[in-house]
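In our numbering, the protein residues as written are 695 to 816. This report refers to the structure that appears directly beneath it.
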């Protein structure tokens, strides 16, 4: 039996390749995953979408939707924005604000790791 979110997603996504359903709903598929596992999961999701499936991705990670055809932003149970990722970023609304906030947090985390990593001798 799968013991982690990654195990569950890894076990269920391949099954979607063999089902006849035209729509795949994926709710937070990369929660608590490392970067490599997240990339593998999104590669599988993209393969399903490229194969003609409609993928509904529910996520809090704004960068995860950069390749989406259409994004709907819900806030407090209401639809507040809708458009392509580029349109929403250009509008400067809620999506753009959250995207910028998450990007800044990622950059700060990357700086922390870089500063904490000892320099290697040449």
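A virtual CB, placed ideally from N, CA and C, is assigned to each residue, including glycine. The structure presented is a predicted model; accordingly, all values stated were derived computationally and were not measured.
Residue 773 and residue 753 have their C-alpha atoms some 15 Å from each other. The shortest CA-to-CA distance from residue 721 to any of 735, 777 and 795 is the one to 735. According to the DSSP assignment, residue 732 belongs to the alpha helix (DSSP H) that extends over 729 to 744. Between residue 755 and residue 718, the gap from beta carbon to beta carbon reaches 8 Å or more. Non-local beta-carbon contacts of residue 743 in its own chain, meaning distances under 7 Å to residues more than five positions away in sequence, involve 749 in chain order. Beta-carbon to beta-carbon, residue 759 and residue 777 are separated by about 11 Å, too far to satisfy the 8 Å threshold. For residue 796, the CB contacts under 6 Å within the same chain, skipping 5 residues up- and downstream, are 756 in chain order. A residue is called buried once 16 or more other Cβ atoms fall within 10 Å of its Cβ, and residue 770, having fewer, is exposed. Note on geometry: alpha-carbon atoms of residue 793 and residue 714 lie some 34 Å from one another. Per DSSP, residue 751 lies in no alpha helix (DSSP H); the unbroken beta strand (DSSP E) holding it starts and ends at 748 to 752. When DSSP states are grouped into helix, strand and coil, residue 714 belongs to the coil group.
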